[in-house]
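K.L.:
Have a look at the structure that comes next, please.
Numbering (this note's numbering), first residue to last: 30 to 188.
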């Protein structure tokens, strides 16, 4: 019988494509000509540093590709950031267990998929933890009071 942690790990692994295999199978057969160049850019998005690096012979395509990556990262951050109060995800967390929140289809589908992983891991993966989790700020060494935890705890339960 699998433990909850093992089910969680297996679920996580099944959700992530095998990037190494894709990289090997997508590798060109011959060395690339030296006419191209590397382009890299780093931006602060999603509360972390996003670094993109790519090689191409076409300068305009290099710039457009990195622009597209960063734009998509910013779009996802605006929709699903847990630390930006205006994001739909933050609105869900702020109103959890009190009132419904209307969200975009993309976020709805992601939440639905997340609840599937909560089920197959028997709660080892639980997206509802944020109702209590957002009360902690480990960088500032802030911990919620027992009363704050008691108030938020009814919203935590993947079922």
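No residue lacks a Cβ here, since even glycine has one placed at the ideal position from N, Cα and C.
Using beta-carbon positions only, say whether residue 74 and residue 96 come within less than 8 Å of one another.
P.N.:
The criterion of a C-beta distance shorter than 8 Å is not satisfied by residue 74 and residue 96.
K.L.:
For residue 118, does the count of other Cβ atoms within 10 angstroms reach 16, so buried, or fall short, so exposed?
P.N.:
Burial call: buried.
K.L.:
How would you write the range of the alpha helix (DSSP H) that residue 105 sits in, first residue to last?
P.N.:
88-109
K.L.:
So what's residue 30 in DSSP terms, helix, strand or just coil?
P.N.:
Only weak support is given to the placement of residue 30: the predicted model assigns it a pLDDT of 49, under 50, and the value that follows is read from those uncertain coordinates. In the structure shown, residue 30 sits in coil (DSSP, three-state: anything other than H, G, I, E or B).
K.L.:
Taking contact to mean at least 3 C-beta pairs separated by less than 8 Å, is the segment 157-171 in contact with the segment 119-131?
P.N.:
Because the criterion of three Cβ pairs below 8 Å is met, the segment 157-171 and the segment 119-131 touch.
K.L.:
Going by C-alpha to C-alpha distance, which of 69, 102, 64 and 93 sits closest to residue 76?
P.N.:
In terms of Cα proximity to residue 76, the closest of 69, 102, 64 and 93 is 102.
K.L.:
By how many angstroms is the C-alpha of residue 86 removed from the C-alpha of residue 178?
P.N.:
55 Å
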